[in-house]
Each structure stands twice: as C-alpha cells, then as structure tokens.
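Number of protein chains: 2
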Amino acid sequence: MAVQRSQRAGTARDRLLAAAAELFSRHGVSGTSLQMIADELGVTKAAVYHQFQSKEDIVWAVVTPVLDRLAEVAETAESRRSRAERVETLLSGLVDAAVSNRRLMSVLQSDPAVLQLLRLHSTLSPLEERITRLLVGPEPTDEALVCAAMVSGGLMATGIDPRLQPLDDDSLRRHLLDTSLRLLRVRRPSR
Amino acid sequence: MAVQRSQRAGTARDRLLAAAAELFSRHGVSGTSLQMIADELGVTKAAVYHQFQSKEDIVWAVVTPVLDRLAEVAETAESRRSRAERVETLLSGLVDAAVSNRRLMSVLQSDPAVLQLLRLHSTLSPLEERITRLLVGPEPTDEALVCAAMVSGGLMATGIDPRLQPLDDDSLRRHLLDTSLRLLRVRRPSR
DNA sequence: GTCTATACATGGATAGAC
DNA sequence: GTCTATCCATGTATAGAC
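Chain order of the listed sequences is A and B. For what it's worth, my numbering labels the leading residue of the first sequence as 48, then goes sequentially. For what it's worth, my numbering labels the leading residue of the second sequence as 48, then goes sequentially.
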C-alpha cells in the first residue's frame, strides 16, 4: 500500500507545494517565478501548469493548510472555560504551528502578495479577529493590542530572525510559549 | 531660501524615494516595478533612470537612511553606563525609528529582496549583532534570544499588523517601549 | 504527467531628442 | 529633467504532441 506514487515522498502535487513554499519563504511570492519552481522540481513550466491553473492557485494552495490549522487551533481554544486556559491553548497551538512551519509563518503574515490575496478573499481578518479576541478579549486596551501584536511578531520572527535559526524546535517552542504567556500576563494553568 | 525646487516639497530625488518607500512597503520590492514608481510621480521610467542607475540603487537609497539612524541609536546606547540605561536608550531609539517610519521597518526586516541586498553588502549582520548585544548581552541564553526576537517582531508588527494601524504614534510609541522593557525584564531607570 | 513551442505582456535598462 | 522609442530578458499562460 505504498503512498509512494513517484520517486520521492508524496504526490507530485505535494512536492510542488513543498518546493513552492520553500521558494516563497526565501524569495517572496513576487520574487518567485514559475520557472524557479519548475527548476526546483526538475521539470518544465508546463508541467507545473498541469497541476495548477495559475500562480495564484499555487499561493492559495500553499497558504490555506496553515490557515486551516490556525482556525482549528482557535476553535479548540474557544472551547476552554477560563481565560488562562483559552490563552494557553491558543498560544500553544499557534507556537506549534509556527515552529513546525517556521519560514512559512512570515510569508503568511508579511508577504504583500499573500496578504493581498487573502484580503481579496476576506479570509484573513475573521481569523485575526478571533485570535485577537482570544488573546486580549473583546474590548482590548491599546496596551493589550500592542502585546498581541508583539506575540504575532514573535511568531513571525520565528521564521525570519537569524538569531533564532540555530535553536532547535523544542526549545524554540518552549521559550516562545513561556515568553508569550508572560507578555500577556497569563499564569501557566496547572495540568 | 526656498527648499522648494519643484512643485511639491523636497527635491525630485526625495519625492522619488518617498514614493518608492511607500510602494515597497505596500507591494514589496519585487512587487514594485519602476513603471509603478514612475506612474506614482506622473513621469516616465526614463525620468526615474535619470535619478538612479538601477532599481537596486533605489532600494539601497530607501533603506540606508533607516539603517544609519539605527546605527546612531546603537552608538548612543553603547555610551550609557548601566545595562538598564543602555537597553532603555536603545529601545527608545528603535521604537522612535519604527513608529516614525512604520511601514518601512517591516520592509527592512522581512522583504526578501532587501535582505538579500543587505546580505550582499554585509551591512545588516554587524548592526544586528550590535543591537542584540545591547539587548541581551554577549552570551545570551536561548530565552533571552527569543525575547530579543520578539522585540524585533514587535517593531516589525508596527508596520504590518492591522490591529496597530488605528493607534496614534504617541501611544504606540509609549506602549511599545513599556512592553519591550517588561519583556526584557528591565526596570525603567529614573530620569 | 511531462514535453516543446509559442503567444503576449511586462520587467529592467539604454539611446538620443527636447 | 523629462520625453519617446526601443532592446532584450523574463514573466504568465496556452496549444498540442508524446
């Protein structure tokens, strides 16, 4: 029952998406051409167009799984009873997502082409709203908003900041979570 | 003694740089064409090429003033005696720079084209090193590195995060500084 | 699924007139 | 300083053979 339809792991589509994600994070979406993606896979542009109808489709396909995961995290967090538990669950999930994707997180939050695409589909703001609400409540003070933004910034830095590159996933995850909780003045709930 | 050489404020060169900075922050460097810059100014591409020899030159000219300002901030901070004073001076300067530039700060920290250009000229890492040293000392723990990265992330978020857009410069500056100092466990020195 | 070939637009960049 | 005109490479995208 091999999942292995091709020489390497995953379907051709999956390999394409992995290559695209890597290139997007390194050169930005606008700085990545279909030719570069094709070269990375050792195929031609036409082969790429067989899998996706347009560059925009590729961007969309790269980005939505992460967004879906973040939405799941938000959903789980919303089911917790106390604020401390909600924040802890949310942050834990966000940090996990950020660390296991690392460089993709910054693409999601700061690549102009991605932001424009998401704005077009009105798919980012609702999620952002949900997450902000979970983090700092429905009517946050300016100070709380700045804290929330710094937490987002920290997740973004995960993928960009060269100082964090040497850290292994595990300690990065732990410190990000601890520091974020401290930033939001939330005590770790006992488990 | 009019500084006004043209219809609007500043020299033609300055207006060009302002337009470019705005477009870079909105569309990214790779997503901004010389045509877009020319259109923004109501001139042709050739007129743009009269001021700068290449697109790279424009990027460089947009970015270096900010880098120079950050270097000045670092220099001033290094002259303080206590760690608390150094951190406070540094952060105060960084926050000022970030708030008065807002959107340009994220270009500097996350635009792939800019990062590549700066890497090519080896002009970013030394400054980053200096700032990191001021923030968390010469041999920082992993936790301290994460804190430093979150501070950077906060400065980046200043320009990107939609939740911060409504805040006026003054309260943004104040909260960013306070929160960053708390993050780094530095008490505000009395003045 | 992948290829060659190609269409068409736009990108960066230059030449030379005004 | 700005213009028109142009060059050439590259970009997205499509057509049709294997």
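Glycine included, C-beta positions come from ideal geometry on N, C-alpha and C. Bear in mind the structure is a predicted one, so any value in this text is a computation, not a measurement.
Nearest-angstrom Cβ-Cβ length linking residue i and residue j, presumed shorter than 8 Å
| i | j | result |
| --- | --- | --- |
| Gly-75 of chain B | Ala-160 of chain A | 7 Å |
| Asp-208 of chain B | Phe-71 of chain B | The Cβ separation is near 18 Å, so there is no contact. |
| Leu-230 of chain B | Leu-230 of chain A | 6 Å |
| Phe-99 of chain B | Ala-108 of chain B | 7 Å |
| Leu-223 of chain A | Val-110 of chain B | In fact, because the Cβ distance is near 28 Å, the residues do not count as touching under 8 Å. |
| Arg-116 of chain B | Ala-124 of chain B | No, Arg-116 of chain B and Ala-124 of chain B are not in contact; Cβ-Cβ is about 13 Å, not under 8 Å. |
| Lys-102 of chain B | Leu-81 of chain B | 6 Å |
Whole-angstrom distance between residue j and residue i, CA atom to CA atom
| i | j | result |
| --- | --- | --- |
| Arg-35 of chain A | Val-183 of chain B | Nothing can be reported for residue 35 of chain A: it is not among the residues displayed for chain A, which extend from 48 to 238. |
| Arg-221 of chain A | Ala-59 of chain B | 51 Å |
| Leu-114 of chain B | Thr-226 of chain B | 23 Å |
| Ala-240 of chain B | Arg-127 of chain A | Nothing in the structure corresponds to residue 240 of chain B, since chain B is present only between 48 and 238. |
| Leu-174 of chain B | Glu-190 of chain A | 29 Å |
| Ser-77 of chain B | Met-152 of chain A | 19 Å |
| Ser-53 of chain A | Arg-235 of chain A | Below a pLDDT of 50, predicted positions are generally treated as unreliable, and Ser-53 of chain A, at 47, falls in that range; no measurement from the model is reported. |
| Pro-15 of chain A | Gly-57 of chain B | Residue 15 of chain A lies beyond the stretch modelled for chain A, which goes from 48 to 238, so this question has no answer here. |
| Val-233 of chain B | Arg-180 of chain A | 28 Å |
| Glu-69 of chain B | Arg-150 of chain B | 8 Å |
| Leu-162 of chain A | Pro-187 of chain B | 34 Å |
| Asp-215 of chain B | Val-142 of chain B | 13 Å |
| Arg-177 of chain B | Asp-104 of chain B | 26 Å |
| Val-50 of chain B | Arg-62 of chain B | Residue placement at Val-50 of chain B is flagged as unreliable, the pLDDT there being 46, under the threshold of 50; a coordinate-derived value is accordingly withheld. |
| Ser-172 of chain B | Ala-118 of chain B | 12 Å |
| Ala-131 of chain A | His-97 of chain A | 48 Å |
| Leu-219 of chain A | Leu-228 of chain A | 14 Å |
| Leu-155 of chain B | Val-106 of chain B | 10 Å |
| Ala-239 of chain A | Arg-73 of chain B | Past the edges of chain A, shown from 48 to 238, lies residue 239 of chain A, and the structure says nothing about it. |
| Leu-64 of chain A | Pro-112 of chain A | 11 Å |
| Ser-129 of chain A | Asp-217 of chain A | 27 Å |
| Pro-185 of chain B | Pro-185 of chain A | 41 Å |
| Met-83 of chain A | Thr-79 of chain B | 19 Å |
Do the stretch 193 to 205 of chain A and the stretch 167 to 178 of chain B meet, that is, are 3 or more Cβ pairs less than 8 Å apart?
no
Okay, do the stretch 200 to 211 of chain B and the stretch 142 to 161 of chain B touch, 3+ Cβ pairs below 8 Å being the bar?
yes
Between the stretch 114 to 147 of chain A and chain B, which residues of the former have a C-beta closer than 8 Å to a C-beta of the latter?
none
Unbroken stretches of the alpha helix (DSSP H), 4 residues or longer, contained in the stretch 118 to 164 of chain B:
130 to 148, 150 to 157
Proximal residues, the stretch 177 to 207 of chain B versus chain A, C-beta separation under 7 Å
Thr-179, Asp-189, Glu-190, Leu-192, Val-193, Cys-194, Ala-195, Ala-196, Met-197, Ser-199, Gly-200, Gly-201, Met-203, Ala-204, Ile-207
Check whether the stretch 86 to 93 of chain B and the stretch 129 to 142 of chain B touch, using three or more Cβ-Cβ pairs below 8 Å as the test.
no
What are the residues of the stretch 148 to 167 of chain A that lie near chain B, defined by any Cβ-Cβ distance shorter than 9 Å?
Ser-153, Gln-156, Ser-157, Asp-158, Pro-159, Ala-160, Leu-162, Gln-163
Give, in chain order, every residue of the stretch 62 to 92 of chain B whose Cβ lies closer than 7 Å to some Cβ of chain A.
Arg-73, His-74, Gly-75, Ser-77, Gly-78
Let me know the alpha helix (DSSP H) ranges lying completely inside the stretch 182 to 219 of chain A, each 4 residues or longer, listed in chain order.
189 to 207
Would you list, in chain order, the members of the stretch 206 to 225 of chain B that have their beta-carbon closer than 8 Å to a beta-carbon of chain A?
Ile-207, Asp-208, Pro-209, Arg-210, Leu-211, Leu-214, Ser-218, Leu-219, His-222, Leu-223, Asp-225
Looking at chain B, which residues of the stretch 100 to 111 of chain A have a Cβ within less than 9 Å of any of its Cβ atoms?
none
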